[in-house]
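All remarks here apply to the structure that follows.
Laid out in structure tokens, this is it:
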């Protein structure tokens, strides 16, 4: 049995993430990665970097991402299989709200949107005057 890599690409809060798990020849999990990716090129580079970090010459790759499937189908030494989302449930579990992994992902990469200081509307002179007058008459 050859090493197996399972890869998914998921969108969370408008950001795209790649999650991958590497299993050795005996079926034991060796490595796991979650990485933000911006576009298709970054997805390909992230997969190559993940596989290359383990010096693997030939692997089986399972994915539900068309980008990964199409990119690695013609590569020698990589046997690519397109699978259903249900078969890769362990990878999708990382992106479920409430899990420890999701909280870490949210803390590291997903920041709450705060309005830019340039977008905050400053009151005009007339609005400030009206507010001041209302305050005077409401304090009776």
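Numbering (the working numbering), first residue to last: 1277 to 1416. Ideal placement from N, C-alpha and C gives every residue a C-beta, glycine not left out.
Residue i - containing beta strand (DSSP E), residue span
i: residue 1358; result: 1354-1358
i: residue 1295; result: 1291-1299
i: residue 1351; result: Segment: none, residue 1351 is in no beta strand (DSSP E) and carries neither H nor E.
i: residue 1367; result: Careful: residue 1367 lies outside any beta strand (DSSP E), inside the alpha helix (DSSP H) at 1365-1368.
i: residue 1288; result: 1280-1288
i: residue 1311; result: 1305-1313
Rounded distance between the beta-carbons of residue j and residue i, thought under 8 Å
i: residue 1336; j: residue 1280; result: 5 Å
i: residue 1310; j: residue 1293; result: 6 Å
i: residue 1343; j: residue 1285; result: 7 Å
i: residue 1288; j: residue 1371; result: 6 Å
i: residue 1333; j: residue 1303; result: The Cβ separation is near 19 Å, so there is no contact.
i: residue 1364; j: residue 1401; result: That belief does not hold up - the Cβ atoms of residue 1364 and residue 1401 are roughly 60 Å apart, past 8 Å.
i: residue 1278; j: residue 1301; result: 7 Å
Run of the alpha helix (DSSP H) containing residue i, from where it starts to where it stops
i: residue 1320; result: 1316-1328
Reduced DSSP secondary structure (H/G/I, E/B, other) of residue i
i: residue 1375; result: coil
i: residue 1332; result: coil
i: residue 1400; result: coil
i: residue 1409; result: helix
i: residue 1381; result: helix
For residue i, the residue or residues it bridges with in DSSP
i: residue 1339; result: 1283, 1358
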